[in-house]
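>
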Amino acid sequence: MLRLYKNLQASGWSIILLSRESGTHQNVTINHLVEAGFRGWSSLMMSAEDEDSTKANEYFSRQRNVIQTKGFRIKSIISSHVDILTVTDADTGMRKYHM
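Heads up: take any position in the sequence shown, counting from 1, add 9, and you land on the working numbering.
So this is what it looks like as C-alpha coordinates:
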(Lines of atoms letter the chains of each structure in order from A and count residues from 1; the text may use other names and numbers.)
(Lines give C-alpha, C1' and ligand atoms only; values in the text may rest on other atoms or scores of the structure.)
Protein backbone atom coordinates (compact mmCIF):
# COMPACT_ATOMS: atom_id res chain seq x y z
CA MET A 1 0.00 0.00 0.00
CA LEU A 2 2.82 2.39 0.86
CA ARG A 3 4.52 1.70 -2.47
CA LEU A 4 1.28 2.52 -4.33
CA TYR A 5 0.87 5.69 -2.24
CA LYS A 6 4.41 6.84 -3.02
CA ASN A 7 4.05 6.00 -6.73
CA LEU A 8 0.85 8.05 -6.97
CA GLN A 9 2.50 10.91 -5.12
CA ALA A 10 5.59 10.79 -7.34
CA SER A 11 3.31 10.93 -10.39
CA GLY A 12 1.84 14.21 -9.17
CA TRP A 13 -1.46 12.94 -7.78
CA SER A 14 -3.07 14.92 -4.96
CA ILE A 15 -3.65 12.47 -2.12
CA ILE A 16 -6.67 13.10 0.10
CA LEU A 17 -7.09 10.74 3.03
CA LEU A 18 -10.51 10.12 4.58
CA SER A 19 -10.74 8.56 8.00
CA ARG A 20 -13.69 7.14 9.88
CA GLU A 21 -11.91 8.19 13.06
CA SER A 22 -13.19 11.21 14.93
CA GLY A 23 -11.28 14.46 14.53
CA THR A 24 -10.53 14.24 18.24
CA HIS A 25 -8.06 11.49 17.29
CA GLN A 26 -6.38 13.54 14.58
CA ASN A 27 -2.95 13.78 16.23
CA VAL A 28 -2.84 10.04 16.92
CA THR A 29 -3.97 9.28 13.37
CA ILE A 30 -1.32 11.58 11.88
CA ASN A 31 1.37 10.00 14.06
CA HIS A 32 0.34 6.50 12.93
CA LEU A 33 0.37 7.54 9.27
CA VAL A 34 3.79 9.18 9.53
CA GLU A 35 5.26 6.24 11.46
CA ALA A 36 3.99 3.93 8.69
CA GLY A 37 5.73 6.09 6.06
CA PHE A 38 2.76 8.06 4.73
CA ARG A 39 3.70 11.73 4.37
CA GLY A 40 2.89 14.73 2.22
CA TRP A 41 -0.81 14.17 1.65
CA SER A 42 -2.89 17.10 0.41
CA SER A 43 -5.61 16.74 3.02
CA LEU A 44 -6.71 14.52 5.90
CA MET A 45 -10.46 14.52 6.43
CA MET A 46 -11.77 13.03 9.66
CA SER A 47 -15.32 12.40 10.78
CA ALA A 48 -17.07 14.73 13.19
CA GLU A 49 -17.15 13.69 16.82
CA ASP A 50 -20.91 13.16 16.67
CA GLU A 51 -20.81 11.33 13.30
CA ASP A 52 -22.79 8.09 13.27
CA SER A 53 -20.28 5.43 12.25
CA THR A 54 -23.07 3.13 11.09
CA LYS A 55 -23.80 5.53 8.22
CA ALA A 56 -20.42 5.24 6.51
CA ASN A 57 -21.88 5.47 3.01
CA GLU A 58 -23.49 8.82 3.82
CA TYR A 59 -20.25 10.08 5.38
CA PHE A 60 -18.17 9.14 2.34
CA SER A 61 -20.75 10.61 -0.05
CA ARG A 62 -20.71 13.93 1.83
CA GLN A 63 -16.92 14.01 1.94
CA ARG A 64 -16.69 13.14 -1.75
CA ASN A 65 -19.00 16.09 -2.50
CA VAL A 66 -16.77 18.40 -0.42
CA ILE A 67 -13.70 17.23 -2.35
CA GLN A 68 -15.39 17.74 -5.71
CA THR A 69 -16.69 21.17 -4.67
CA LYS A 70 -13.07 22.18 -4.05
CA GLY A 71 -12.36 21.43 -7.70
CA PHE A 72 -10.80 17.99 -7.40
CA ARG A 73 -11.80 15.17 -9.73
CA ILE A 74 -11.78 11.82 -7.97
CA LYS A 75 -10.16 9.20 -10.17
CA SER A 76 -9.93 6.34 -7.69
CA ILE A 77 -10.87 5.23 -4.20
CA ILE A 78 -8.74 2.72 -2.31
CA SER A 79 -10.19 1.35 0.91
CA SER A 80 -9.71 -1.43 3.42
CA HIS A 81 -13.48 -1.49 3.96
CA VAL A 82 -15.80 -3.38 1.63
CA ASP A 83 -18.64 -0.88 2.09
CA ILE A 84 -16.78 1.69 -0.01
CA LEU A 85 -17.57 -0.50 -3.01
CA THR A 86 -21.29 0.16 -2.48
CA VAL A 87 -20.97 3.95 -2.54
CA THR A 88 -22.75 5.24 -5.62
CA ASP A 89 -21.09 7.82 -7.79
CA ALA A 90 -22.07 9.87 -10.80
CA ASP A 91 -18.52 9.84 -12.15
CA THR A 92 -18.47 6.67 -14.23
CA GLY A 93 -14.70 7.00 -14.66
CA MET A 94 -14.07 6.43 -10.95
CA ARG A 95 -12.44 3.18 -9.92
CA LYS A 96 -12.81 1.65 -6.47
CA TYR A 97 -10.34 -0.80 -5.00
CA HIS A 98 -10.66 -2.92 -1.88
CA MET A 99 -7.32 -3.67 -0.25
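In this text, a Cβ means the ideal position worked out from N, Cα and C, and glycines have one as well.
(1) I need the boundaries of the beta strand (DSSP E) containing Arg73, first residue and last residue.
(2) Spatial neighbours of Ser31 within its chain, please: CB distance less than 8 angstroms, with the 5 preceding and 5 following residues excluded, ordered by chain position.
(3) Count the CB pairs spanning the segment 68-76 and the segment 35-42 that are closer than 8 angstroms, and state whether there are at least three.
(4) Work out the CA separation of Gly21 and Ser51 for me, nearest whole Å.
(5) Expressed to the nearest angstrom, what Euclidean distance is found between the alpha-carbon atoms of Leu13 and Phe47?
(6) By DSSP, does Glu60 sit in helix, in strand, or in coil?
(7) Mapping DSSP to helix, strand and coil, what is Arg82?
(8) In terms of alpha-carbon separation, which member of Ala19, Gln77, Leu17, Leu11 lies closest to Ala45?
Reading it off the structure:
(1) Arg73 -> not in any beta strand (DSSP E); alpha helix (DSSP H) instead, spanning 65-78.
(2) Met55, Ser56, Ala57, Glu58, Glu60
(3) no
(4) 11 angstroms
(5) 11 angstroms
(6) coil
(7) coil
(8) Leu11
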